[in-house]
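*Asks:* Quick one: structure below, then a few questions.
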Amino acid sequence: MVRFAACTAARIGEVSGVRVKDINRFDWTWDLCRQTTTGPGGLIDKGTKGKRRRTVPVIEEVRDLVNWRMNVVGNDPMARLFTGPRGGRITTAILRDATHWDEVVVSLGYEYLRRHDLRHTGLTWFADAGVPIHVLQKIAGHGHITTTQRYLHPDKSSIENAGRTLSKHLSTDRHTPQTPASAHPASAEAPGRHLRLVQ
């Protein structure tokens, strides 16, 4: 469930609510339409936060896991894809206890990591892969693009790559040979591209 949550950038309650029939194995998408949450008398399934039904890609890295879980739960289209240790609905507390979350994150040196951070991780992976922000907004089910932006946390290597990308862009014309018609006496020393300041 942890891997699936991170790779789909979904909330824990949404992963708990996924049923076999929600996964389309022809185009590998998830019709995300419900979540498990607390309600009168205990845990209930209801519509997603903000009532936004959405389509989420199921990436290749978790497809074997999904196939395995579908084989485990059988052919019942209403069977839960993921269940708790006793076969019931999963909450963040159940996930914490079942995975020994607190001990594991401390041993890895990420003691600040919360279960909801799996969603932040997934959206950041999508963004680092080049998925446009308006598509990320749809995958996340956010009503406003500014909410999606708050979920993105580029790491040091992403920032370094951004610097290399800008340098490559700025140097594109520097090494392009000039034609005799456009050559000037001073052009041999001056770069071919001039920085344009934008206010």
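In this text, residue positions in the sequence shown follow my numbering: the first is 2, and each later residue adds one.
Backbone N, C-alpha and C fix where the C-beta goes; we use that ideal spot for every residue, glycine too.
1) Are there 16 or more other CB atoms within 10 angstroms of the CB of L171, so buried, or fewer, so exposed?
2) Fully enclosed by the region 27-91, which alpha helix (DSSP H) runs are 4 residues long or longer?
3) Please report how far the alpha carbon of K127 lies from the alpha carbon of L137, in whole angstroms.
4) Applying the 10 Å Cβ sphere with the 16-neighbour rule, what's the burial state of G51?
5) Can you find the residues in the same chain that come closer than 8 angstroms, C-beta to C-beta, to V83, ignoring five residues on each side of it along the sequence?
6) Tell me whether A7, by its Cβ, gets closer than 8 angstroms to a heavy atom of the ligand SAH.
7) Just to confirm the assignment, what range does the alpha helix (DSSP H) spanning R151 have?
8) Where does R20 sit, in a helix, a strand or coil, going by DSSP?
9) Going by alpha carbons, who is nearest to I13 out of T37, P78, V106?
10) List the residues that DSSP assigns as beta-bridge partners of N25.
11) Just to confirm the assignment, what range does the alpha helix (DSSP H) spanning V105 have?
12) Where S188 and G142 are concerned, what is the direct C-alpha to C-alpha distance, given to the nearest angstrom?
13) Give the straight-line distance between the Cα atoms of Y113 and T173, rounded to the nearest whole angstrom.
14) For G144 and R55, I'd like the C-alpha separation in whole angstroms.
*Replies:* Here's the rundown:
1) L171 is exposed by the Cβ-count criterion.
2) The qualifying runs are 64-74.
3) What sits at residue 127 in the sequence shown is Phe, not Lys. If you draw a straight line from the Cα of F127 to the Cα of L137, it comes to about 7 angstroms.
4) Around the C-beta of G51, fewer than 16 other C-beta atoms lie within 10 Å, and the residue is accordingly described as exposed.
5) According to the sequence displayed, residue 83 carries Phe and not Val. Around F83: M2, F5, V16, S17, V19, R70, I91.
6) In terms of ligand content, the structure shown is empty, and the ligand SAH therefore cannot be addressed.
7) Where R151 is concerned, the enclosing alpha helix (DSSP H) stretches over 146-151.
8) Three-state result, R20: strand.
9) Looking at the Cα atoms, T37 is the closest of the given residues.
10) For N25, the pairing in a beta bridge is given by DSSP as T30.
11) If you look at V105, you'll find it in the alpha helix (DSSP H) that goes 102-109.
12) The predicted position of S188 is uncertain, since its pLDDT is 48 and thus under 50; no value can be drawn from it.
13) Taking the straight line from one Cα to the other gives about 42 angstroms.
14) Straight-line spacing of the CA atoms in G144 and R55 works out to 12 angstroms.
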